[in-house]
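In our numbering, the protein residues as written are 56 to 813.
Glycine included, each C-beta is placed from N, C-alpha and C at the ideal position.
Here it is in structure tokens:
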């Protein structure tokens, strides 16, 4: 056995990790009489020669030896080797440029496989049929002969599937008859072969096939590929028929079978809108299943059903009381009045943070009480330790976001929110600002934070009182004061603006007469001494961003830039009151030819703040032109600001390129082009192409279509709203709910466009 294995130069043949010099040891390991050693070799075979479904030149040379091993009595795991030989021949299961050569090698050396169809071991016979069929049509006559005499149900199933693989049209009558066979294995395999060949199950076979797929072991077949027979058949069956097919699984005494059904139904509900009406009736009763895992899986499927789960809300409440996150999320999204009770149970179990992070529950005073306790009190069951916090930073941030979404109704939580200003400054400040006048008692605490450079705190005061001074004070402390980048060598490679407004360098010269930070209002000068320089940790980030410092740790500059990006958005809300900051903001307009997208986003945000503060487009146009010419997502943000300014005529070629080739910049570029006179019908197509992505991408495209009045998009949008396929969700658990939200936005856009047309 394995004759000539050492005559091959395996170092010249690549496997998964380069030269496959380990191949002889793997093959010898497979031949070992020690089952443990053979098992380890099987693992190595999957690692080096068939790695994650990919084959290599070394695999081609190994095929004759694998066939020899699979056909030799006494070798361990021969059935597994036969299945692998079939799998590597199937291009739907195995890839790599050498896959055709592997299949050809199996075909050339397949002679020894056929006698295995009479092996005493039924598993060997069944897997031999699988390998033989995949090796090529030359095995067809032998398989027909075996079908005529084989009496073992599992082997008959394998031989029938092999015949269907080689001549699907001829085998249809055999498959149809087998759908009523007494053997569950034969019925299940016949159904798998039929749907994989493009056929569908006749109505009178749905119940018996469903019963077969519910039977123990019946769905385990290599003919389903990497999926189970149940998954293959269920996915290929239209919703109403799938409900009949699934009924026997829902009635199964085996909880694993019921859970398997729910997993498959969940996948269908997340993908297909029409599946909900047909399949959700299978889910609702399982919310009361005696098995807790089945109940939990039913809650997952109910969440996937979206608003259609409303009739099962009472069942969801029972499951949520047991701690199911998905049941609670479904109740929250349904706005069920019982969700606060389940929320309290989640808090008692220490799970509230995970549940509410990212959710938007409707306001309820009982829920407010639970959240107030959760954001400040110790987590239930937590050890008494000074190192143990009530929840992670992101958990509490999620709870603060819920309070923010409730606005004035969250007023009783103001004391707890104020207590979080130090640890969660941005999230706490946003929540206080959203609460409104009832949060005025928090102004002293917010002011103290603003004096240390807390821009969100200053912004919250602006929202609460209309006073911009604390925001300006905070911004003064954190905006960069280092000199701008102005290396002529760097600037030489950046295209000069086409208009006469000059370069970015000329902007610095034009702005030299702007009020400096030192000449700001008295309220700024009278601040604490530390105000001038700001906290070191805050000042160093933006300052190094402006100066291009290379001394910061990897990734920290990007983090600082995104923080600065958020601050600039808040500073822009100060409008003309931010004029005192213009000199510092102008430093952020500067850039280098190799700056990263996140730095270009900062440049655009700074330009927006300057424009809102001064109304002087000439201060920001050079930087915006540079960002547009650099392309990628920041170019879209720059283009949107150009549309607001009514500028950018000289950039039409670049803007058209963004619309055609840069989806992340498409909406902003389309706005700019439309402002410059390009008809909406020319821009509608690329924008509509963004909608199937769902989520924020779709939202941005829909907003732009409405803003430019693209009435020609109405028919395509209507088709997207009415199609069966759901829009994708970006967050786990959003699923059908995100799809419904996107559909609502599409319909609202259509309504707005129809108003434009009339």
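Within its own chain, the residues whose Cβ lies closer than 6 angstroms to the Cβ of residue 481, once the five positions on either side in sequence are excluded, are 511, listed in chain order. For residue 342, no alpha helix (DSSP H) segment is defined, and its DSSP state is neither H nor E. The criterion of a C-beta distance shorter than 9 angstroms is not satisfied by residue 166 and residue 109. In the DSSP secondary-structure assignment, residue 65 is not bridged to any residue. Counting along the chain, no alpha helix (DSSP H) covers residue 717, and no H or E run does either. Proximity of the segment 247-262 to the segment 194-208 falls short of the contact definition, fewer than three beta-carbon pairs being nearer than 8 angstroms. Per DSSP, residue 60 is not a residue of any alpha helix (DSSP H), being assigned neither H nor E.
In the three-state reduction of the DSSP assignment, residue 110 falls in the strand class, which pools E and B.
Take the alpha-carbon of residue 763 and the one of residue 813: they are about 15 angstroms apart. Excluding five sequence positions before and after residue 687, the CB atoms of its chain that fall closer than 6 angstroms to its own CB belong to 652, given in chain order.
Take residue 185, set aside five residues on each side of it, and the residues of its chain with a beta-carbon closer than 8 angstroms to its own are 137, 138, 141, 213, 216, 217, 277, 278, in chain order.
For residue 75, there is no enclosing alpha helix (DSSP H), since its DSSP letter is neither H nor E. According to the DSSP secondary-structure assignment, residue 795 is paired through a beta bridge with no residue.
Listed in chain order, the alpha helix (DSSP H) elements of length 4 or more contained wholly in the segment 387-434 are 394-403, 407-411, 420-431. Of all alpha-carbon atoms in 143, 116, 125, 87, the one lying nearest the alpha-carbon of residue 101 is that of 143.
The beta carbons of residue 344 and residue 353 sit about 7 angstroms from each other, so the pair counts as a contact at 8 angstroms. DSSP places residue 780 in the strand class (E or B) of the three-state scheme. When C-beta atoms of the segment 346-366 are compared with those of the segment 799-810, fewer than three pairs fall below 8 angstroms, so the two segments do not count as touching. Here residue 700 has 672 as same chain residues with Cβ atoms under 6 angstroms from its own Cβ, once five neighbours each way along the sequence are excluded. Boundaries of the alpha helix (DSSP H) harbouring residue 262: 261-269, taken from the DSSP string. Cβ atoms of residue 169 and residue 194 come within 8 angstroms of each other, at about 6 angstroms. In the DSSP secondary-structure assignment, residue 70 is bridged to 73.
Residues of the same chain with a CB within less than 8 angstroms of the CB of residue 419, apart from the 5 flanking positions on each side, are 392, 394, 395 in chain order. Residue 617 sits exposed, since fewer than 16 C-beta atoms from the chains shown fall within 10 Å of its C-beta. Under DSSP, residue 327 takes part in a beta bridge, and its partners are 780.
In this structure, the beta-carbon distance from residue 153 to residue 112 falls below 9 angstroms.
Residue 482: member of the alpha helix (DSSP H) spanning 480-490, first to last residue. The C-beta separation of residue 430 from residue 475 comes to about 6 angstroms, placing the pair in contact by the 8 angstroms criterion.
With fewer than 16 other Cβ atoms inside 10 Å of its own Cβ, residue 163 counts as exposed.
Note that the segment 317-332 does not touch the segment 753-762; fewer than 3 beta-carbon pairs, one per stretch, sit closer than 8 angstroms. At least 9 angstroms separates the beta-carbon of residue 490 from that of residue 457. Rounded to whole angstroms, the gap between the alpha carbons of residue 397 and residue 281 is 39 angstroms. Contact annotation: residue 192 and residue 221 have beta-carbon atoms nearer than 9 angstroms.
DSSP, reduced to helix, strand and coil, places residue 508 outside both helices and strands of the structure shown, so it counts as coil. Counting other Cβ atoms within 10 Å of its Cβ, residue 615 reaches 16 or more and is therefore classed as buried.
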